Amino acid sequence: MSPSLALAILAIGLLVTAILSLGLGAVDIAPRDVVSILWAKLSGAGGASIGIEGVVWELRLPRVLLGILVGSALSVAGGLMQGLFRNPLADPALIGVSSGAALGAVFVIVLGGILFPSAQWLSDLRFLPVAAFAGALIVTFCIQRLTSTSGYTAVATLLLAGVAVNALVGAVIGLSTFLATDAQLRSLTFWTLGSLGGASWTTVAFAAPFCLGLVLTAPFFAPALNAIALGESEAGHLGFAVEKTKTLLIIVAAAGVGACVAFTGIIGFVGLVIPHLVRLWIGPNHRYLLPASALLGALLLTAADTCARTLAAPAELPIGILTAAVGGPFFLFMLLHQRKRALWG
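So the sequence shown is numbered by the numbering used here: it starts at 548 and just counts up by one.
Spelled out as structure tokens, the structure:
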């Protein structure tokens, strides 16, 4: 299939999925009515009942938009990391973004009140997104600085440092779980499983610049990533500033994924699975792989969120459970596929 046709199919699929998601829930709304409500709201015309209009515009639309932003940003970041590491099993967690955000969240939910009991604002859950975003950037920056020597960043060293930091943060989270109260433990558990339940127009407004910044700037890295696939030395001989590209990639990915994790918690496997699916479908050319990953990630996360809030209604499943249920088996499939290729060439 040609990449242009694949992009068109994904764009149409995303539009259909978004409309269906806006209509499904405790109050089912027909797709035609959803389109009418959106058109009436955007054009300033009336017509729909205030109750149904509020459900679509105030409750479901911010959630769908946040799902699109987060799904596209996580998938694009995964594509960037896989291109940078030249490994289809890489994802944004390798550079410490998710672990850093988790550390920031743990600090607010559990450790803030213990370490600084007089600073009540540190344990305010409204501060959680800020702390998670700051934690993601700080940890990623520390890993990048630790692995950079004389302006050169070794990708293998970056990978190992990310694994070590993730293990260290996991120990801190485990200790925090031991120290947490029942209420803190519920908040911590729900946050680490991921959810779009906190979506609002304010959340969308804060997350949009970082997520869109990542998605819209990623295609500019496509030529460099295509060259890096041949090897860093070869990319340098072709005229690309490899070290500068590495640094910019890490900064852009950290900012985008940090914003995603800050507002939705940890949603695993999206950045790992989506780019690999796209690579199998339309090939490894990052010129098409990155925008296709953005569309497919947005589509699948929107669909997963719709399932999360409808399968066990009126309760809501953490979306991280659904993405892990799909991503885990796929990850094992990729490992077995890699092993088979290594054995048989």
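We put the beta carbon where it would ideally sit given N, CA and C, even for glycine.
Since the structure is predicted, the reported quantities are computational estimates derived from the model, not experimental observations.
Tell whether a beta-carbon distance below 7 angstroms holds between residue i and residue j.
i: A855; j: L864; result: yes
i: G867; j: G741; result: yes
i: S645; j: I821; result: no
i: A845; j: G618; result: yes
i: T687; j: I720; result: no
i: G626; j: L837; result: yes
i: G614; j: L743; result: yes
i: S723; j: V653; result: yes
i: G682; j: L650; result: yes
i: A839; j: A553; result: yes
i: A754; j: F810; result: yes
i: E605; j: I584; result: no
i: P920; j: I814; result: What is shown of the chain runs 548 to 892, which leaves residue 920 out entirely.
i: A620; j: C807; result: yes
i: A794; j: A771; result: Looking at the sequence itself, residue 794 is Thr, so the reference to Ala does not match. No; because the gap between Cβ atoms is not below 7 angstroms, this pair is not in contact.
i: V603; j: L569; result: yes
i: L705; j: T694; result: yes
i: A800; j: V789; result: no
i: H833; j: N773; result: yes
i: C758; j: L616; result: yes
Which whole-angstrom value describes the C-beta separation of residue i and residue j, a residue pair presumed to lie in contact below a C-beta threshold of 8 angstroms?
i: W748; j: G812; result: Their Cβ separation, rounded to whole angstroms, is 19 angstroms, which puts W748 and G812 out of contact at 8 angstroms.
i: I690; j: A708; result: 5 angstroms
i: L796; j: V825; result: Not really, about 18 angstroms apart at Cβ, beyond 8 angstroms.
i: L735; j: V657; result: 6 angstroms
i: L869; j: A802; result: That pair is no contact at about 26 angstroms.
i: A624; j: G818; result: 5 angstroms
i: L631; j: I775; result: 7 angstroms
i: V804; j: P609; result: Between P609 and V804 the Cβ distance is about 20 angstroms, and since that is not below 8 angstroms, they are no contact.
i: T857; j: V611; result: Wrong, their Cβ atoms sit about 13 angstroms apart, outside the cutoff.
i: F878; j: F816; result: 7 angstroms
How far does the alpha helix (DSSP H) with residue i in it extend, from its first residue to its last?
i: V617; result: L608 to F632
i: T749; result: W748 to T764
i: L743; result: Counting along the chain, L743 falls outside any alpha helix (DSSP H), and DSSP gives it neither H nor E.
i: T794; result: V789 to T811
i: G560; result: P550 to G570
i: N832; result: Segment: none, N832 is in no alpha helix (DSSP H) and carries neither H nor E.
i: G647; result: V644 to V653
i: P639; result: Unbroken run through P639: none, as it is neither H nor E.
i: G783; result: E779 to H784
i: F657; result: Contrary to the premise, residue 657 reads as Val rather than Phe in this sequence. Looking at the DSSP string, V657 is not in any alpha helix (DSSP H), and its letter there is neither H nor E.
i: D580; result: P578 to S590
i: I814; result: Here I814 belongs to no alpha helix (DSSP H), and DSSP marks it neither H nor E.
i: A771; result: A769 to I775
Can you determine whether any heavy atom of the ligand SAM sits closer than 6 angstroms to the C-beta of residue i, and answer yes or no?
i: A730; result: With respect to the ligand SAM, the structure shown offers nothing to examine, as it has no ligands at all.
| Every unbroken alpha helix (DSSP H) inside the region 833-890 [4 residues or more] | With a minimum length of 4 residues, the continuous alpha helix (DSSP H) runs that stay inside the region 833-890 are 833-857.
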